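Student: For what it's worth, the UniProt record's numbering labels the leading residue of the sequence shown as 1, then goes sequentially. Pasting in a structure now, in structure tokens, and then I'll have a few things to ask.
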Amino acid sequence: MRLNTLKPADGARTERTRVGRGIGSGLGKTAGRGHKGSFARSGKGKIKAGFEGGQMPMHMRLPKIGFRSRTAGDTAEVMLYQLDKLEAGDIDFAALRAAKLVHSTAKRAKIVAKGELSKKFVLKGVAATAGAKAAIEAAGGKVEE
């Protein structure tokens with residue numbers, strides 16, 4: 001094998017179609033562009049994505065559904081069984097963050113009734129569900145808003 005004998009595989013490279021080279025070529029006169037219209041003109045053959053020829057586009061016809069709250073990620077959920085791992089005493093948002101039960105981007109926390117609680121806690125300035133309040137009070141603790 002020599003460099004001067006190398007050539008691509010058959011059919012790998014096709015020659016460019018030369019249009020507008022007379023009637024005998026099969027692509028003379030209009031050069032495969034048809035008659036008139038925007039596609040027959042130079043530089044005018046592009047249509048914006050979603051354009052449907054003046055008909056109301058699909059993205060405007062369909063109903064708009066769904067909503068994503070901008071504040072949904074601001075509240076962190078803390079389970080009762082996670083609280084049980086902490087030392088008994090006063091619990092506020094700063095204590096939850098110090099214990100790494102609340103992620104750094106959270107602005108508030110809410111205690112959710114999941115798991116058991118055996119220690120006595122005083123919850124200050126942290127929201128709690130009705131079930132979580134009942135569980136904390138049943139364990140001898142208190143919830144202060």
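A virtual CB, placed ideally from N, CA and C, is assigned to each residue, including glycine. Keep in mind the model is a prediction, meaning the values are calculated, not measured.
Beta-carbon within less than 6 Å of Met79's beta-carbon, same chain only, minus the 5 sequence neighbours each way: which residues are those?
Tutor: Val112, Lys114 and Gly115, listed in sequence order.
Student: Considering only the alpha carbon of each residue, which of Lys124, Glu137, Asp10 and Ala130 lies closest to Asp92?
Tutor: Lys124
Student: Could you work out which residue in Pro63, Ala109 and Phe51 is closest to Thr71 when comparing CA atoms only?
Tutor: Ala109
Student: Give, in chain order, every unbroken run of the alpha helix (DSSP H) that is at least 4 residues long and sits entirely within the stretch 37-61.
Tutor: Uninterrupted alpha helix (DSSP H) stretches at least 4 residues long and entirely within the stretch 37-61 occur at 58-61, given in chain order.
Student: Pop quiz: Val143 and Lys133 are said to be a contact at Cβ under 8 Å. What is the actual Cβ separation, rounded to whole angstroms?
Tutor: 5 Å
Student: Return yes when the Cβ of Lys120 is within less than 8 Å of the Cβ of Ala88, no when it is not.
Tutor: yes
Student: Would you kindly work out how many angstroms separate the C-alpha atoms of Arg41 and Gly28, rounded to a whole number?
Tutor: 16 Å
Student: Using the Cβ count rule (16 or more neighbours within 10 Å means buried), how would you classify Leu62?
Tutor: exposed
Student: Taking Cβ positions, are Ala76 and His103 nearer each other than 8 Å?
Tutor: yes
Student: Which class does Leu3 belong to by DSSP, given the choice of helix, strand or coil?
Tutor: helix
Student: Just reading off the alpha helix (DSSP H) that Ala130 is part of, what are its end residues?
Tutor: Ala130 to Ala138
Student: Starting from Ala121 and walking both ways along the beta strand (DSSP E), at which residues does that stretch end?
Tutor: Per the sequence presented here, residue 121 reads as Phe, with Ala not at that position. It spans Phe121 to Lys124 - the beta strand (DSSP E) in which Phe121 sits, taken as one unbroken run.
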